[in-house]
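Participant:
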Amino acid sequence: MKKKLLFLSIGLLTLGNVSAQNDPNEDKESGEETPYNRWTIEASAGQSKGMRPYSTGYYSSNPDNVLGSINFNSFSLGARYMLSPKFGVRLDGTFDKFENNTKTDSKPFEVNQLRFDLQGVVNASRLLNLEEVIGRFGLLGHFGVSYSRMTPKLDTGYDYDLESPPSNYDRTENNIGIVFGLTPQFRVIDRLAIFLDVSTVYNFRQHFAWDGHYSSQDENLQGQLLTAKLGLSYSFGSEKMHGDWGVIEDKRMEEIDQLDKRIGELETMMNDADKDGVPDYLDVENNSIAGVAVDTKGRMVDLNQNGIPDELEKFVNQSVQQGVTQSTGAAKSEVVKELINEGYIAVFFDFGSTKPTLASTENVAFILNYMRNNPSATADITGYADEIGNTDFNKSLSGKRAENIRDVLIKAGIDGSRLTIVPAGEDTSVDKNSDMARRLVRKATFHIK
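Under this note's numbering, think of the first position of the sequence shown as 667, with each following residue one higher.
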């Protein structure tokens, strides 16, 4: 049974190592630097209490105390290396001193023990995904093998009450066993943590009782030790945070987030805001008028490049012709007036310029003809600018654009009293990051009254 327990402890230690190597947070092939500190040193002090065996008349606890009396008789120093964020190994050395409780009727004894433990360590906080829940707190579990050397340091003489009376004074016994326990932690500052370690040791080859005499035949070759120690741990490495609390990004989640982002980008690219049949990522002019023919890049077809889509221009011409042949002069005028007031006739400008584009000349001529044919009509000329640049400057620029169109019409014979300038400033109806969209708002429109 004892051999099975020993093999079990070694097996669990090996399993922890293999699990650590397969941990998804590790990327050994990529050679990337690990984002957490692997090395930790630990120092602790507390009480070690031999639970059994004891010889008749020897004991270290006070039965009148709730905890059997507390005595700092154990001191440890160790180092821990985390193979992965969840699994690691720890090696520590401990000095224990066992003595009789002077406040009891126990016979005197003194035994020194030097113990070395090699254990597998699991960061239970990470394993259970509790890091965000418990914050600065943490929990480690450990399991491994223990090697110790027990040496009685008090010659108690010949005790005739015992089956094996010699005290084994200054004789050393080598023991081996298993050790396991839990270590609650609290991170004080970034790299420093305080911890409480509670462990149990089971020895398989222990002949000595904890008082230094040979144990009785019924309890030979076994021993149990319980320890409780308070200590500090300090984490070493290039990272600022203690390794047990270092933030580890799951690369699988990063890949999922990237894929989700790509899918979102594809969905956005395939949007068709103006419903012209051309996806937005190919659409140079994504605010085309519904029903108007567009080319493969989503631009409204304007073969004569006068700034008016050909289909709208055709509609205007047909409407005028119908007004001439089928309607009275007043009806014709109302049709054209409606088209002008709804913005189908506009004059466009280059960036920062107050001079109309060459393609807009026909639109200025269109307004000129209307004003000549309707001498009682007056018009508001509203100038606009895009959102690039200073707002006050753009306000002034929009006014100058309207004023420039007014001057052209005046020089063409239209009375200036019939023309009113309206500086509208910035037109915020389009995406200011789109060059094509900004071209559509650098304009002047007309409102006939």
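All residues carry an ideal CB built from backbone N, CA and C; glycine is no exception.
Since Ser1095 is in the beta strand (DSSP E), which residue starts that stretch and which ends it?
Facilitator: As a working mapping, residue 1095 is identified with position 429 in the sequence shown. Counting along the chain, Ser1095 falls outside any beta strand (DSSP E), and DSSP gives it neither H nor E.
Participant: With Leu1063 and Arg1072 assumed to form a contact (beta carbons below 8 Å), what rounded beta-carbon distance in angstroms separates them?
Facilitator: Reading the sequence shown from its first residue, position 397 is the one you call residue 1063. Reading the sequence shown from its first residue, position 406 is the one you call residue 1072. 15 Å between Cβ atoms; not a contact.
Participant: As a quick exercise: from Val854, Gly1055, Asp923, pick the residue whose alpha carbon is nearest that of Gly801.
Facilitator: Taking the first residue of the sequence shown as 1, we reach residue 801 at position 135. Here the closest residue by C-alpha is Val854.
Participant: Can you tell me whether Arg871 is helix, strand or coil according to DSSP?
Facilitator: Translated into the one-based positions of the sequence shown, residue 871 becomes position 205. It is coil, neither helix nor strand.
Participant: Kindly indicate the opening and closing residues of the beta strand (DSSP E) around Val755.
Facilitator: For the purposes of this step, residue 755 is taken as residue 89 along the sequence shown, with counting starting at 1. Per DSSP, Val755 belongs to the beta strand (DSSP E) from 753–765.
Participant: Is it true that the CB of Leu891 sits closer than 8 Å to the CB of Ala873?
Facilitator: Start at 1 with the first residue of the sequence shown, and residue 873 comes out as number 207. Start at 1 with the first residue of the sequence shown, and residue 891 comes out as number 225. With the sequence shown as reference, residue 873 is identified as His, and Ala is not the correct amino acid for it. The answer is no: Cβ separation not under 8 Å.
Participant: Near Thr1044, which residues of its chain fall below 6 Å by C-beta distance, leaving aside the five closest residues on each side in sequence?
Facilitator: Position 378 of the sequence shown, counted from the start, is the residue given in the question as residue 1044. Once the five neighbours on either side are set aside, the close Cβ partners of Thr1044 are Arg1084, Lys1115.
Participant: Report all residues from its chain with a CB closer than 6 Å to the CB of Tyr724; omit the five preceding and five following residues, and keep chain order.
Facilitator: Sequence index remark: in the sequence shown, residue 724 carries index 58 (1-based). Answer for Tyr724: Ser772, Lys773, Phe775, Asp877, listed in chain order.
Participant: Starting from Ala894, follow the beta strand (DSSP E) in both directions and report where the run begins and ends.
Facilitator: Position 228 of the sequence shown, counted from the first residue, corresponds to residue 894. Here the beta strand (DSSP E) through Ala894 covers 889–902.
Participant: Can you tell me whether DSSP reads Ser817 as helix, strand or coil?
Facilitator: Reading the sequence shown from its first residue, position 151 is the one you call residue 817. One detail in the question is off: residue 817 reads as Thr in this sequence, not Ser. Thr817 falls in the strand class under three-state DSSP.
Participant: Compare the beta carbon distance of Met1037 and Ile1080 with 8 Å and say whether it is the shorter of the two.
Facilitator: Your numbering for residue 1037 matches position 371 in the sequence shown. Your numbering for residue 1080 matches position 414 in the sequence shown. Result yes, Cβ atoms of Met1037 and Ile1080 sit closer than 8 Å.
Participant: For Glu798, count neighbouring Cβ atoms within 10 angstroms of its own Cβ and tell me buried if that reaches 16, exposed if not.
Facilitator: As a position in the sequence shown, residue 798 is number 132, starting the count at 1. Exposed.
Participant: Starting from Tyr747 and walking both ways along the beta strand (DSSP E), at which residues does that stretch end?
Facilitator: Here residue 747 refers to the residue found at position 81 of the sequence shown. Unbroken beta strand (DSSP E) run through Tyr747: 740–748.
Participant: Within a Cβ cutoff of 7 Å, which residues of the same chain sit near Gly847, ignoring the five residues on either side of it in sequence?
Facilitator: As a position in the sequence shown, residue 847 is number 181, starting the count at 1. Hits under 7 Å: His808, Asp863, Val864, Ser865, Thr866.
Participant: Who are the near neighbours of Gly804 in its chain, counting only those whose CB is closer than 6 Å to its CB and skipping five residues on each side?
Facilitator: Residue 804 sits at position 138 when you count from the first residue of the sequence shown. Only Ser791, Gln851, Asp910 meet the Cβ criterion.
Participant: Determine the contact status of Asn1123 and Ser901, defining contact as a CB-CB distance below 8 Å.
Facilitator: An answer regarding residue 1123 cannot be provided, because it is not within the stretch 667 to 1115 covered by the chain.
Participant: Evaluate Pro1022 with the Cβ neighbour count: other Cβ atoms within 10 Å of its Cβ, from every protein chain shown; 16 or more gives buried, anything less gives exposed.
Facilitator: Translated into the one-based positions of the sequence shown, residue 1022 becomes position 356. With 16 or more Cβ atoms within 10 Å of its Cβ, Pro1022 is classed as buried.
Participant: Whose C-beta lies closer than 6 Å to the C-beta of Arg718 among residues of the same chain, with five residues either side of it excluded?
Facilitator: Sequence index remark: in the sequence shown, residue 718 carries index 52 (1-based). Taken in chain order, the residues that qualify are Gln890.
Participant: Between Leu806 and Ile736, what straight-line distance do the alpha-carbon atoms span, to the nearest angstrom?
Facilitator: Here residue 806 refers to the residue found at position 140 when the sequence shown is read from its first residue. Here residue 736 refers to the residue found at position 70 when the sequence shown is read from its first residue. Whole-angstrom Cα-Cα distance: 24 Å.
Participant: Just verifying my parser: in three-state terms, what is the DSSP assignment at Tyr880?
Facilitator: The residue given as residue 880 occupies position 214 in the sequence shown. Note: Tyr880 maps to strand in three-state DSSP.
Participant: Pick out whichever of Asn778, Ala875, Gly843, Phe782 has its Cα sitting closest to the Cα of Asp836.
Facilitator: Stepping through the sequence shown from its first residue, residue 836 is reached at position 170. Here the closest residue by C-alpha is Asn778.
Participant: Out of Thr822, Leu858, Val960, Asp762, point me to the one whose CA is closest to Glu708's CA.
Facilitator: On the sequence shown, residue 708 is found 42 positions in, with the first residue counted as 1. Comparing Cα-Cα distances from Glu708 to each of Thr822, Leu858, Val960, Asp762, the minimum goes to Leu858.
Participant: Helix, strand or coil: which one does DSSP assign to Glu1008?
Facilitator: Here residue 1008 refers to the residue found at position 342 of the sequence shown. Glu1008 falls in the coil class under three-state DSSP.
Participant: Between which two residues does the beta strand (DSSP E) holding Phe852 run?
Facilitator: Locating residue 852 in the sequence shown gives position 186, where the first residue counts as 1. Start and end: 839–853.
Participant: So, is Lys1109 buried or exposed, given that buried needs 16 or more other C-beta atoms within 10 angstroms?
Facilitator: In the sequence shown, the residue the question calls residue 1109 occupies position 443. By the 10 Å Cβ count, Lys1109 comes out buried.
Participant: As a quick exercise: from Ser814, Asn1035, Asn795, pick the residue whose alpha carbon is nearest that of Leu784.
Facilitator: Along the sequence shown, read from residue 1 onward, the residue named residue 784 stands at position 118. Nearest of Ser814, Asn1035, Asn795 to Leu784, Cα basis: Ser814.
Participant: Looking only at C-alpha atoms, which of Leu948, Pro1041, Ile842, Lys752 sits nearest to Ser999?
Facilitator: Position 333 of the sequence shown, counting from 1, holds the residue named residue 999. Ser999 has its Cα closest to that of Pro1041, out of Leu948, Pro1041, Ile842, Lys752.
Participant: Grouping DSSP H, G and I as helix and E and B as strand, with all else coil, what is Glu797?
Facilitator: Locating residue 797 in the sequence shown gives position 131, counting from the first residue. Helix at Glu797.
Participant: Classify Phe1017: buried if its beta carbon has 16 or more other beta carbons within 10 angstroms, exposed otherwise.
Facilitator: The sequence position of residue 1017 within the sequence shown is 351, counting from 1. When all chains shown are included, Phe1017 counts as exposed.
Participant: At 3 residues or longer, and completely inside the region 1049–1102: list those beta strand (DSSP E) runs for me, N to C.
Facilitator: 1085–1092, all fully within the region 1049–1102.
Participant: Assuming Glu1092 and Ala1051 make a contact with CB atoms under 8 Å, what is their CB distance in whole Å?
Facilitator: Along the sequence shown, read from residue 1 onward, the residue named residue 1092 stands at position 426. Along the sequence shown, read from residue 1 onward, the residue named residue 1051 stands at position 385. Contact flag correct, Cβ pair sits at about 6 Å.
Participant: If Val1074 and Val1030 are in contact, beta carbons under 8 Å, what's the gap, nearest whole angstrom?
Facilitator: Working through the sequence shown from its first residue, we reach residue 1074 at position 408. Working through the sequence shown from its first residue, we reach residue 1030 at position 364. At roughly 6 Å, the Cβ-Cβ gap stays under 8 Å, so Val1074 and Val1030 are in contact.
Participant: If you count every other CB in all the chains shown that lies within 10 Å of the CB of Lys752, and 16 or more means buried, which is it?
Facilitator: Translated into the one-based positions of the sequence shown, residue 752 becomes position 86. The residue in question, Lys752, is buried, as its Cβ has 16 or more Cβ neighbours within 10 Å.
Participant: Under 6 Å Cβ to Cβ from Gly1009, same chain only, skipping five residues before and after it: list those, please.
Facilitator: Taking the first residue of the sequence shown as position 1, residue 1009 is located at position 343. Here the set comprises Thr1111.
Participant: Take Gly897 as the anchor and find which of Gly754, Glu951, Ala745 has the nearest alpha-carbon.
Facilitator: Residue numbering aside, residue 897 sits at position 231 when the sequence shown is read from its first letter. Of the listed residues, the one whose Cα sits closest to Gly897 is Ala745.
Participant: To the nearest angstrom, how far is it from the Cα of Asn840 to the Cα of Phe741?
Facilitator: Taking the sequence shown and counting its residues from 1, one reaches residue 840 at position 174. Taking the sequence shown and counting its residues from 1, one reaches residue 741 at position 75. Roughly 19 Å between the two C-alpha positions.
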